[in-house]
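Following: one structure in structure tokens, then a few remarks.
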Amino acid sequence: METLLPFPQFVTSSTDATMSIERAVLASIADGVIVNDLSGNVSLINQAACRLLRVEPAAVIEKPVRALFASFSTRARLALIDALERLDHDPYSYGPGEGITETVIELGSLVIQAHLSPVLTEIGEFSGIVTILRDITREVEAEHAKSDFVSNVSHELRTPLTSIVGYTNLLLGHAVGPLSDPQASFLGVIQTNANRLVTLINELLDISRIESGRLDLDIRPVSLADVLHEVAEMIRPQCDQKDLHLTIEVEPEVDRVLGDRNRLVQVVTNLASNAYRYTPSGGNITLSLARSDTSARVSVADNGIGISLEDQAKIFQRFYRVSNAAIFEAAGTGLGLPITKMLVEMHGGRLWVNSEPQKGSTFTFVLPLQTDEPTGGGVRPDELPVANKTILVVENDSDLARQIGRQLRLEGVSVLTTAWGEEALQWVHQRAIDLITLDMALPDVPGMEVLRRLKADKTTCNIPVVIVSIIREKNGEEWGASEKVTRPFAVEKLITSIRQTLSLQNANSSG
74 METLLPFPQF VTSSTDATMS IERAVLASIA DGVIVNDLSG NVSLINQAAC
124 RLLRVEPAAV IEKPVRALFA SFSTRARLAL IDALERLDHD PYSYGPGEGI
174 TETVIELGSL VIQAHLSPVL TEIGEFSGIV TILRDITREV EAEHAKSDFV
224 SNVSHELRTP LTSIVGYTNL LLGHAVGPLS DPQASFLGVI QTNANRLVTL
274 INELLDISRI ESGRLDLDIR PVSLADVLHE VAEMIRPQCD QKDLHLTIEV
324 EPEVDRVLGD RNRLVQVVTN LASNAYRYTP SGGNITLSLA RSDTSARVSV
374 ADNGIGISLE DQAKIFQRFY RVSNAAIFEA AGTGLGLPIT KMLVEMHGGR
424 LWVNSEPQKG STFTFVLPLQ TDEPTGGGVR PDELPVANKT ILVVENDSDL
474 ARQIGRQLRL EGVSVLTTAW GEEALQWVHQ RAIDLITLDM ALPDVPGMEV
524 LRRLKADKTT CNIPVVIVSI IREKNGEEWG ASEKVTRPFA VEKLITSIRQ
574 TLSLQNANSS G
């Protein structure tokens with residue numbers, strides 16, 4: 074079966090022989106190759122891509138390339154769509170061979186990595202986008218095997234270490250009699266190093282869980298101010314012993330973030346512990362919280378030994394220790410910062426460092442703020458009635474759709490759910506819909522197109538729409554979206570947005 078269309082614009086040779094050779098090369102390479110034209114339709118697909126995606130060429134040629142992403146996870150699909158839009162918007166910022174390695178896609182037992190690049194002709198004319206799909210299943214399986222090994226070994230080491238730490242503490246507590254000074258000193262060394270091993274094992278387990286995707290976050294509204302105060306109370310006795318001056322600076326009225334509180338405490342604790350470890354006696358450590366546009370910014374600053382520019386580029390690598398004698402004198406596993414960075418990124422944030430040798434370091438991370446709740450007088454949004462309303466949930470993630478539907482039904486709401494944009498557009502003309510929650514990444518029609526068509530239709534333009542998206546940037550407002558909820562989120566947050574939107578709709582109707 075032929076899987077290659079007549080050659081697209083990027084083929085510059087005009088001879089049949091050269092075209093035949095190039096077609097044979099594309100047909101024989103192991104990586105999948107998909108080319109879409111300026112209209113976003115598939116103009117070329119090779120045999121490897123058809124095999125990886127389990128599609129027939131006739132079913133996808135001249136069809137939207139986004140339709141190929143329908144079976145992908147929500148996160149992978151959104152990432153690929155975002156990459157296509159970025160390349161289409163600014164194709165000339167990428168040199169030959171450059172592009173966007175955007176995501177890892179899981180398709181059944183296969184794991185595929187996608188790389189997207191602009192297609193430029195010999196004269197530099199933008200003519201489409203090429204997506205390269207590489208099967209990395211074996212590499213991922215090897216990584217999982219390594220992670221499983223680390224996890225199993227770590228668990229096996231925990232049992233004897235628990236006994237070592239326990240009996241050492243008993244001996245140091247004079248449970249079997251008084252100790253001589255040398256005995257107490259030797260036991261202190263055992264205790265210190267056993268505790269270091271416990272820390273190393275816990276960090277190895279965290280790395281293993283994060284990399285294998287087995288670390289679950291308990292997402293709830295979190296006050297970062299409370300987190301900073303909790304961490305400060307934990308490390309203050311150590312700082313006092315080392316004669317370090319610990320300061321907390323919190324701007325008033327910084328809103329909450331959505332996150333796992335225990336993991337965010339771990340993040341700040343790791344950064345504060347590093348500051349304590351690498352700041353000489355008499356130094357200063359400052360934990361600060363401020364608002365930056367739609368983000369909360371947390372900084373941990375010290376005036377310690379600092380980090381060279383060369384080492385700053387490597388300190389987030391596992392087991393990396395900087396080339397500084399003072400660093401080696403301080404205890405550390407080389408895993409704390411990599412874990413901290415991974416946890417921040419799992420919360421949709423980013424972490425970076427500014428430092429100068431002998432002047433100190435400032436580690437900063439930002440997290441997206443939770444959407445503001447209305448603060449005016451009267452009935453709170455979480456008290457507003459939504460019973461007897463009909464809400465259409467347009468959501469491609471079936472598990473999330475069921476969760477939203479279940480919560481809404483407990484509120485007395487009549488719920489319709491669909492994963493398809495076209496079906497949603499049909500239902501709004503067949504049923505009396507009071508509100509729509511709209512996923513931005515649907516398998517058949519982009520969520521933004523569904524919103525545009527809803528607002529362009531006189532019969533549906535007044536139906537309030539709450540957008541659900543993992544992309545934090547503002548979008549949808551120009552087409553009349555009422556609210557936007559950014560993932561990850563607690564379902565209660567979406568319910569609050571729904572109540573707020575319906576309340577505003579009722580106020581406008583009565584006014």
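Taking this note's numbering, the leading residue of the sequence shown gets 74, the next gets one more, and so forth. Ideal placement from N, C-alpha and C gives every residue a C-beta, glycine not left out.
Whole-number beta carbon distance between residue j and residue i, since they are thought to touch under 8 Å
| i | j | result |
| --- | --- | --- |
| G379 | Q431 | 5 Å |
| V539 | T574 | 6 Å |
| L252 | L244 | 7 Å |
| E303 | V262 | Actually they do not touch by this definition, with Cβ atoms about 31 Å apart. |
| I202 | L157 | 6 Å |
| Q443 | L278 | Not a contact, Cβ separation roughly 29 Å. |
| L189 | L160 | 6 Å |
| D208 | L125 | 6 Å |
Inter-residue spacing [alpha-carbon to alpha-carbon] between residue i and residue j
| i | j | result |
| --- | --- | --- |
| S116 | N109 | 5 Å |
| T272 | E326 | 35 Å |
| L424 | T437 | 6 Å |
| D299 | V340 | 14 Å |
| M415 | G478 | 32 Å |
| S381 | R391 | 18 Å |
| N343 | S434 | 14 Å |
| R282 | Y240 | 30 Å |
| A100 | I94 | 10 Å |
| I568 | D289 | 23 Å |
| H318 | G246 | 31 Å |
| L270 | G409 | 13 Å |
| D445 | L577 | Reliability of the predicted coordinates at D445 is poor, the pLDDT of 47 falling under 50, and the value obtained from them is presented with this limitation in mind. So the two alpha carbons sit approximately 15 Å from each other. |
| D333 | S354 | 33 Å |
| N268 | V323 | 32 Å |
| P137 | G494 | 15 Å |
| Q264 | T235 | 11 Å |
| S146 | E179 | 8 Å |
| L541 | A103 | According to the sequence displayed, residue 541 carries Val and not Leu. Roughly 37 Å between the two C-alpha positions. |
| P454 | V486 | In this prediction, P454 has a pLDDT of 38, which is less than 50 and means its spatial position is unreliable; what the coordinates show is noted afterwards. Roughly 16 Å between the two C-alpha positions. |
| W500 | R475 | 18 Å |
| V128 | A152 | 21 Å |
| S182 | I321 | 49 Å |
| D316 | E429 | 22 Å |
| I536 | E496 | 16 Å |
Which of helix, strand or coil DSSP assigns to residue i
| i | result |
| --- | --- |
| H217 | helix |
| A386 | coil |
| H247 | coil |
| E195 | coil |
| A131 | helix |
| A149 | helix |
| V327 | coil |
| G478 | helix |
| W493 | coil |
| D375 | strand |
| H420 | coil |
| P79 | Note that P79 scores a pLDDT of 43, beneath 50, so its modelled location is shaky; the value from the coordinates is reported in the next line. Correct three-state label for P79: coil. |
| L260 | helix |
| R51 | This structure gives no information on residue 51, because the portion of the chain shown stretches from 74 to 584. |
| S576 | helix |
| Q20 | This structure cannot speak to residue 20, because the chain is shown only from 74 to 584. |
| E402 | Per-residue confidence for E402 stands at a pLDDT of 49, beneath the threshold of 50, marking its modelled position as unreliable; no derived number is given. |
| S434 | strand |
| V486 | coil |
Within 9 Å, strictly: CB atoms of residue i and residue j
| i | j | result |
| --- | --- | --- |
| V373 | I388 | no |
| A529 | D512 | no |
| I280 | V213 | no |
| G113 | R150 | no |
| A105 | I196 | According to the sequence displayed, residue 105 carries Gly and not Ala. Cβ distance not < 9 Å, so G105 and I196 don't count as in contact. |
| P164 | F199 | yes |
| L360 | A345 | yes |
| L473 | L498 | no |
| V144 | P516 | Note that residue 144 is Ser in the sequence shown, not Val. The answer is yes: Cβ separation under 9 Å. |
| Y393 | G377 | no |
| V426 | L440 | no |
| I308 | Y349 | yes |
| I107 | A122 | yes |
| T490 | I571 | no |
| H420 | R336 | yes |
| R364 | D313 | no |
Interface flag, residue i vs chain B, CB-CB below 9 Å
| i | result |
| --- | --- |
| T359 | In summary, chain B is missing from the structure at hand, where a single protein chain is found. |
Near the ligand ZN: residue i beta-carbon under 8 Å from a heavy atom
| i | result |
| --- | --- |
| L243 | Among the ligands in the structure shown, none appear at all, so the ligand ZN cannot be discussed. |
(request) Specify whether the region 458 to 477 and the region 505 to 525 touch according to this definition: at least 3 beta carbon pairs, one from each stretch, less than 8 Å apart. (result) At 8 Å Cβ cutoff, the stretches touch.
(message) Would the region 239 to 258 count as touching the region 293 to 308 if we require 3 or more Cβ pairs under 8 Å?
(response) Because the criterion of three Cβ pairs below 8 Å is not met, the region 239 to 258 and the region 293 to 308 do not touch.
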